[in-house]
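Every position in the sequence shown, counted from 1, becomes a number in this note's numbering once 6 is added.
To start, the structure itself, in structure tokens.
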Amino acid sequence: TIRSNDAIEYFQKKFSKLHDAHSRSFFAFIACERWLGFRMDTIMAVFTAIVSFAAVIMNDKDMIRIDPGVLGLTLSLLLQLSMLFQYMIRQVSVRHIHTDIVYN
């Protein structure tokens with residue numbers, strides 16, 4: 007056993023080394039996931055703003071006649087689809103990372 011062989015210090019050092027290695031990789035994973043989420047949120051916010059302003063400008067200049075109810079429905083569906091897209095991309099990246107883990 008560990009105590010009878012006086013190996014407590016050895017296993018404590020080994021545990022600390024392995025725990026530090028795990029914490030480094032987990033922190034990198036969390037940082038990359040947050041970076042990806044922020045970038046996707048930014049892209050979707052810009053896309054939603056462009057679509058909203060374009061619809062209002064086109065409606066004001068009589069380029070396209072858009073019913074306000076249809077425009078509201080379109081924007082709400084755009085937000086739902088953007089959230090679904092973000093969730094899908096995050097799940098795919100998490101699945102990819104978890105299936106490509108190599109143990110030393």
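Where is the CB? At the ideal position from N, CA and C, for every residue including glycine.
Collapsed DSSP secondary structure at residue i in the structure displayed
i     : result
Met69 : coil
Ile95 : helix
Asp26 : helix
Arg9  : coil
Nearest neighbour of residue i, chosen from the options [CA to CA]
i      : options                : result
Met112 : Met69, Phe21 and Arg96 : Lying outside 7 to 110, the shown extent of the chain, residue 112 is not represented and no answer is given.
Counted within 10 angstroms of its Cβ, other Cβ atoms place residue i as buried (16 or more) or exposed
i      : result
Val100 : exposed
### Task
Kindly confirm or deny that the region 40-59 and the region 79-95 touch, where touching means at least three C-beta pairs closer than 8 Å.
yes
### Message
So, does the region 51-67 touch the region 80-87, judging by three or more C-beta pairs under 8 Å?
### Response
yes
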